[in-house]
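Remarks on the structure that follows.
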Amino acid sequence: MHRVSKLSFPFRPALFLLAPMAIALLAACTPDNAQSTFGTAGPVAKDQADLFNFIFWIAAIVFILVEGAIIYIAIRYRRRSDSDKLPHQTHGNDRLEITWTIIPVLILAVIAVPTLTGIWEQQNGVPQDQGEVLNVEAIGHQWWFEFRYPNHEVVTSNELHIPVNRPVAFKLTSEDVIHSFWVPKIAGKVDMVPLNDNYMWMIGDEVGEYYGQCAEFCGIAHAHMRFRVIVDTEEDFQAWINGMHTAPDAPVAGSPEASGKNLFAANCSSCHTVDSTAPGSYAREITSQQARWNGWISDIENSGIVSAPNLTHFGTHSTIGAGLKDLNQATLEQWITNPESIKIGTRMQKHAAVYDTADGNAKLSPAEVSDIATYLLSLKPGSAPAGAVADAGGDVDGEDLFVSNCASCHSTGDDTVVGPGLAGIGDRAGSRVAGQDATMYLKESLTDPGAFVVDGFPAVMPEWGHLGVDSIEALVDYLKTLK
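Read in order, the letters of the sequence shown are residues -34 to -1, 1 to 449 in mature numbering (1 follows the signal peptide of the UniProt record, and there is no 0).
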């Protein structure tokens, strides 16, 4: 008989690989790992971790007892001779069979009670005795997260701000496919399902920055669909909310920021909003996102517009690419030039006209890319009140006004966002209403939007008379230049 005394050669390297793999797995369990569920920072995550530990130790005890019994029986009743005589055969033991049925049932009951209690508490409303509840709507997109604060009329993307020690109630949904919302150190995952709302709540009890992640496979960039949760002090959170309603300072004429603003308006504003600071902008952004989605889903292959992150005060963000890299001038220029170099699968690169090139890079010079990046990094709360238009150099710039107030709903070309594209509007406006020239028609459209609603479009345009006479005239003059 051939007897194998040593492990055959192919298995030896595997043994050497097991050690570093085991070390890597153990290292992932350290509380210092940003996406580890150990080292919790909220009561929901702590309760879930306690439940996991409770079940783990029950499972460990059962494993030791069962494996110990198997080893004992294997040794105690091993074959001791070459005799073929059968030992005494037992054909059943009712008492033993009842025992090993009842014990697992009791163990499962012990596990089920805290599990079902935890599920019930998580799904039946946020506790009302732990401070004022903050309501947040989280929407999953391929492959980024949108966050809306309906009570504060704030919308942002990929970075979620919440106050410390206050309950946050989430309404979770998805625009496209099934995603899942998960902040390992604060709360466990809940699915985000299209056309269906799920609910969860959490409390962050330590100020700091935490990692979030989509936890449901959702396509090619699933692993790169991340976000940040910033747990602020109450004062910092209120300052952030106030800042999101404060318009950025207008760029100085002739500066890289001013150039970048114009380039952004021409190439990016059909999909990205940067001006959700003024009254009414929250509702417009929701309408705009829905219109972008409808436009994309109606012609997926040819659409030049997609749902995209809101970039209001983007300069205050800490990351880019849904949490993939630190935000700075270099990474932002890399992202604008070639998003796929940071994150695969971006719809921006596939659909935006500025990327319609052989190599997929943006049709922009390095200087133009730099100006756009500089402009985006300058988007921070300014000194002017929300809705005010800063005066750069003493003259009102119609193009600046358009970018700040109109670009989230109207393109300067033929693309439809929420409202119609405005290419050639100066020529068309003069023939719309008998007795009115283009200037009169455009002024009335801005100050009384309900007077002229284009067929096929919703009557959602706000009234812009608060901009003032000079600003309205500058905006009309700019619109008449669009060809």
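Even glycine gets a Cβ: it sits at the ideal position worked out from N, Cα and C.
Just so we're clear, the structure is a prediction, and the values are computed from it rather than from any experiment.
Just tell me which of the options has its CA closest to the CA of residue i.
i: Asn90; options: Phe136, Gly396, Ala232, Thr67; result: Phe136
i: Gly8; options: Ala153, Pro214, Asp60, Lys346; result: Ala153
i: Asp202; options: Pro214, Gly174, Cys184; result: Gly174
i: Met427; options: Gly246, Arg61, Ala216, Asp215; result: Gly246
i: His54; options: Tyr43, Ile64, Arg61, Glu63; result: Tyr43
i: Asp393; options: Glu172, Val383, Asp381, Leu408; result: Leu408
i: Asp363; options: Val218, Thr405, Thr199; result: Val218
i: Tyr321; options: Ala187, Ile302, Ile308; result: Ile302
i: Ala104; options: Ala324, Val92, Val121; result: Val121
i: Pro222; options: Val335, Gln315, Pro275, Asp198; result: Val335
i: Gly226; options: Asp337, Glu200, Ala274; result: Asp337
i: Gln179; options: Asn208, Ser2, Thr378, Gly396; result: Ser2
i: Thr312; options: Ser397, Ser344, Gln108; result: Gln108
i: Ala400; options: Ala75, Phe418, Tyr38; result: Phe418
i: Trp206; options: Tyr115, Ala11, Ala224; result: Tyr115
i: Cys234; options: Lys329, Pro80, Gln256, Leu82; result: Lys329
i: Gly387; options: Val420, Asp414, Glu410; result: Val420
i: Val76; options: Gln94, Arg61, Phe20; result: Phe20
i: Ser331; options: Pro70, Lys316, Leu229, Ser47; result: Leu229
With DSSP as the reference, label residue i as helix, strand or coil.
i: Thr312; result: coil
i: Val399; result: coil
i: Glu439; result: helix
i: Ala358; result: Only weak support is given to the placement of Ala358: the predicted model assigns it a pLDDT of 43, under 50, and the question is left unresolved by the model.
i: Pro160; result: strand
i: Thr6; result: coil
i: Val149; result: strand
i: Lys12; result: helix
i: Arg42; result: helix
i: Trp430; result: coil
i: Thr382; result: strand
i: Tyr444; result: helix
i: Ala(-16); result: helix
i: Met168; result: strand
i: His317; result: helix
i: Val79; result: helix
i: Lys51; result: coil
i: Phe183; result: coil
i: His211; result: coil
i: Phe29; result: helix
i: Phe20; result: helix
i: Lys449; result: coil
i: His190; result: helix
i: Lys155; result: strand
i: Asp325; result: coil
i: Val197; result: strand
i: Lys409; result: helix
i: Gly220; result: coil
i: Asp202; result: helix
According to the Cβ coordinates, are residue i and residue j closer than 8 Å?
i: Arg192; j: Gly289; result: yes
i: Arg258; j: Ile266; result: no
i: Glu306; j: Gly326; result: yes
i: Met210; j: Gln88; result: no
i: His283; j: Glu98; result: no
i: Leu277; j: Leu367; result: no
i: Gly390; j: Leu448; result: yes
i: Ala339; j: Gln402; result: no
i: Ala181; j: Lys309; result: no
i: Cys237; j: Ala319; result: no
i: Val149; j: Met168; result: yes
i: Cys184; j: His145; result: yes
i: Ser349; j: Asp215; result: yes
i: Asn131; j: Asp163; result: no
i: Thr253; j: Val384; result: yes
i: Pro275; j: Ser377; result: no
i: Val442; j: Thr405; result: yes
i: Ala213; j: Ala249; result: no
Classify residue i: buried if its beta carbon has 16 or more other beta carbons within 10 angstroms, exposed otherwise.
i: Phe(-26); result: Its pLDDT being 49, under 50, Phe(-26) is placed unreliably by the model, and nothing is read from it.
i: Phe18; result: exposed
i: Lys346; result: exposed
i: residue 451; result: There is simply no residue 451 to check, as the chain begins at -34 and stops at 449 in what is shown.
i: Gly416; result: exposed
i: Ser437; result: buried
i: Leu(-17); result: exposed
i: Phe22; result: exposed
i: Val435; result: exposed
i: Met314; result: buried
i: Glu365; result: buried
Minimum length 3: unbroken beta strand (DSSP E) runs contained in the segment 89 to 147: 100 to 107, 110 to 115, 120 to 123, 125 to 129, 134 to 140
Runs of alpha helix (DSSP H) wholly within the segment 226 to 284 (minimum 4 residues, chain order): 247 to 264
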